[in-house]
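Engineer: Here it is: the structure, laid out below.
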Amino acid sequence: MKVDGELVLKPGKERSLARRHPWVYATAVARVAGRPAAGATVAVRAADGTWLAWAAYSPASSIRARCWSFIESDPIDADWFAARVGAAVARRTTLFDATNAVRLVFGEADGLPGLIADRYADQLVVQFQAAGVEAQRDVLLDALVSATACANVYERSDSATRQREGLAPSTGVVRGAEPPDLVEVHEYGVRYFVDVRRGHKTGFYIDQRDNRRLAGELAAQLARAHGRTPALLNCFCYTGGFSVAAARGGASPVLSIDSSADALALARRNWALNGLDPAAAEWRAADVFDALRALREEGRRFDLIVLDPPKFAASHHHVERAARAYKDINLSALRLLAPGGRLLTFSCSGAIDVDLFQKIVAGAVIDARVDCQLLARLAAGTDHPLLMTHPEGEYLKGLLLTRI
Ligand code: SAH
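If you read the sequence shown in my numbering, its first letter stands for residue 31, the second for the next number, and so on.
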C-alpha cells in the first residue's frame, strides 16, 4: 500500500474521528507532512502523533480528507477497494427481487466516500464526486464490473459536489459500449425508461422507489374507501414516476406538472409503456408555484397529492428561503386536497432535517385551516442507507398526511 503523506490535526480535533465520523475539515488540520497529491491516501494523526485513520486527501475542498478506514492494519490497496465494492453490491442482492434499478454504492454510507454507482438493468452509471475516488477510478471501475458482471459503465460526474473538490465535470462511456438512448427498468411491476446520459442524477430518482409504491397502494386504498377512482395531482413529476405508479394502483385522472418539457415527454412515454389510458392523463408544463394557484382558481380538488420538489436549500445558508418555498407549496396543495385525501410531501434538502420539515408542513396546515393527521414519516430506500456515524448523509424525508 502506498501512503503519500500525513495530516496532523489540531489539538482536540481528533474527537470526531474517534466517533468514526468520516470527514476531516480543513479547519481541523494543523499541518500536512509530505507532498500528497489530490486523492492520495494519507495517514491522519492526532496532535500527539496517534494514528487515527487512513483517508483520501482533498486539497481543494473544505472537507480536506475523507476517511477510508479507522483500522490501521487495513491495506488501502486495489484488493481492499474491490472488497468494499463487492460488499456494497452484495448487501443489495435481495432488492433485485423487486426491481432492476438499484443504487449499488452510496458514498460514505458504503465506506467509499464520494462514489455513487447505480445499476439500471445491465447498465452501470457512476459518479466520482471526491478526489479520493477519482484517484482510484480504474480500480473502482474494475471492481464494479467484476462484482456485477455488467460490462457497460457510463460516467455522470457532472454534479456540483465535484466542483467543490476542484474536479472538472466528466461524462461518457468508461467501460464497454455506449448506453442505449433509453434503458428500460422495472420497479415493483411498473416499467420506466431511464435516460442515463441526460437524466437527473444518474437518470432516475431511485431513492423514491418505496414511496412510489406507497403512492400506488394509497390510490388502491382510496379507490376502495370512496368507491371511485381517486384523482391524483403529481407536482414536480419529472419522468412521471409517481404518476405511473399511482395510476397503476388505480388513480385517475392524473394531473402531472413539471417545468421541464423534456421530462414531461419521457413521462408520457412511461405512461404509454405501462399501457395506461392517455385520456386519464393531463400533463402541464408549468411552474408548480403558479400552477397550484391556478388550480385553486379553477376549483380543482384532488384525493391524492404528491409534492416532490428539487432541493430548495443547497446549503445551510438557504434554509430560510427554502422553508418559505416548502411552506408555500404545501399550503397551496393542502387547499386543493379533498377531505379524506392524502398528501405525500417530500424534501431532499440535507440542510433541512426531518423535525424542521415537519414544522414547516405543520405551519402550512395551520394556515390552510384544515385538520391533518401524520400517518407516516418516509425516507429513501434501503439502497440509500444512512451511516449511523455520518448524520449528514440524511437528505430525503417525506411525510404522509391525511386530511380529516
Ligand atoms: N418525483 C420525481 C422526481 C422529481 S425531481 C420522481 O419520482 O422521479 C424535481 C423535478 O422538479 C424536476 O423534474 C424539475 O424539472 C422540476 N422542477 C424544478 N423546479 C420546478 C418548478 N418551479 N416548477 C415545476 N417543476 C419544477
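Think of the CB as a built atom: it goes at the ideal place given N, C-alpha and C, for glycine as much as any other residue.
Per DSSP, which residues does Arg258 bridge with? Please list them.
Structural biologist: BP columns for Arg258 are empty, so no partner.
Engineer: Measure the C-alpha to C-alpha separation of Glu164 and Thr129 and round it to an integer number of angstroms.
Structural biologist: C-alpha separation (whole angstroms): 29 Å.
Engineer: Consider the C-beta atom of Tyr235 and the heavy atoms of the ligand SAH; say whether any pair is separated by less than 6 Å.
Structural biologist: Yes - the ligand SAH has a heavy atom lying nearer than 6 Å to the Cβ of Tyr235.
Engineer: What's the gap between the Cα of Phe332 and the Cα of Tyr356?
Structural biologist: Their Cα atoms are separated by approximately 19 Å.
Engineer: If we call anything under 7 Å between Cβ atoms a contact, is Leu364 one with Ala316?
Structural biologist: Contact: no.
Engineer: Judging by CA-CA distance, which residue of Asp172, Asp104, Ala95 is the nearest neighbour of Ala112?
Structural biologist: Among Asp172, Asp104, Ala95, the Cα nearest to that of Ala112 is on Asp172.
Engineer: Helix, strand or coil for Phe234 per DSSP?
Structural biologist: Here Phe234 sits in coil by DSSP.
Engineer: Looking at Asp240: is its Cβ nearer than 7 Å to the Cβ of Gly411?
Structural biologist: Yes; because the gap between Cβ atoms is below 7 Å, this pair is in contact.
Engineer: Going straight from the alpha carbon of Ala409 to that of Lys427, what length do you get?
Structural biologist: Using only the alpha carbons, I get a separation of about 5 Å.
Engineer: Please list the segments of the alpha helix (DSSP H) lying wholly inside the segment 79 to 134, counting only runs of 4 or more residues, in order along the chain.
Structural biologist: Here the runs fully enclosed are 108 to 121.
Engineer: Looking only at C-alpha atoms, which of Gly137, Ala245, Tyr184, Asp358 sits nearest to Ala394?
Structural biologist: For Ala394, the nearest C-alpha among the options comes from Asp358.
Engineer: CB-CB under 7 Å to Arg61, same chain, minus the five flanking residues each way: which ones, in chain order?
Structural biologist: The answer, listed in chain order, is Val38.
Engineer: Between the alpha carbons of Gly257 and Ala245, how many angstroms are there, rounded?
Structural biologist: In a straight line, the C-alpha of Gly257 is about 18 Å away from that of Ala245.
Engineer: Beta carbon of Ala90, beta carbon of Val54: below 7 Å?
Structural biologist: Not in contact: Ala90 and Val54 (Cβ atoms no closer than 7 Å).
Engineer: If we ignore side chains and look at the alpha-carbon of each, how far apart do Ala70 and Leu142 end up?
Structural biologist: Distance between the alpha carbons of Ala70 and Leu142 is about 14 Å.
Engineer: What does a CB cutoff of less than 8 Å around Leu404 pick up in its chain, not counting 5 residues either side in sequence?
Structural biologist: Cβ neighbours of Leu404 beyond the five flanking positions: Gln388, Leu429, Leu430, Leu431.
Engineer: Would you mind working out which of Leu82, Ala117, Arg354 sits nearest Ser103, comparing C-alpha positions?
Structural biologist: For Ser103, the nearest C-alpha among the options comes from Leu82.
Engineer: For the alpha helix (DSSP H) that contains Asn360, what are its first and last residues?
Structural biologist: Taken as a continuous stretch (DSSP letters only), the alpha helix (DSSP H) holding Asn360 covers 349 to 366.
Engineer: Report yes if the C-beta of Val318 is less than 6 Å from at least one heavy atom of the ligand ZN; otherwise report no.
Structural biologist: Among the ligands modelled here, namely the ligand SAH, the ligand ZN does not occur.
Engineer: In its own chain, which residues sit with a C-beta less than 7 Å from the C-beta of Leu367, not counting the 5 before and 5 after it?
Structural biologist: Excluding residues within five positions, the ones whose Cβ falls inside 7 Å are Phe332, Ile335, Leu373, Arg433.
Engineer: If we ignore side chains and look at the alpha-carbon of each, how far apart do Pro339 and Ser377 end up?
Structural biologist: Cα-Cα distance, rounded: 7 Å.
Engineer: What span of residues does the beta strand (DSSP E) with Asp188 cover, start to end?
Structural biologist: Element bounds for Asp188: n/a, residue is neither H nor E.
Engineer: In angstroms, rounded to a whole number, what distance separates the CA positions of Glu328 and Asn300?
Structural biologist: Between Glu328 and Asn300, the C-alpha separation is close to 28 Å.
Engineer: Please give me, in chain order, every unbroken run of the alpha helix (DSSP H) with length at least 4 that falls completely inside the segment 370 to 425.
Structural biologist: Runs of the alpha helix (DSSP H) inside the segment 370 to 425: 384 to 398.
Engineer: Less than 6 Å between C-beta atoms, sequence neighbours within five positions excluded: which residues of the same chain meet that for Leu294?
Structural biologist: Closer than 6 Å at the Cβ level, and outside the excluded window around Leu294, lie Asp288, Trp313, Ala315.
Engineer: Helix, strand or coil for Glu214 per DSSP?
Structural biologist: Three-state result, Glu214: strand.
Engineer: Inspect the CB distances between the segment 197 to 207 and the segment 114 to 126 and report whether three or more fall short of 8 Å.
Structural biologist: At 8 Å Cβ cutoff, the stretches do not touch.
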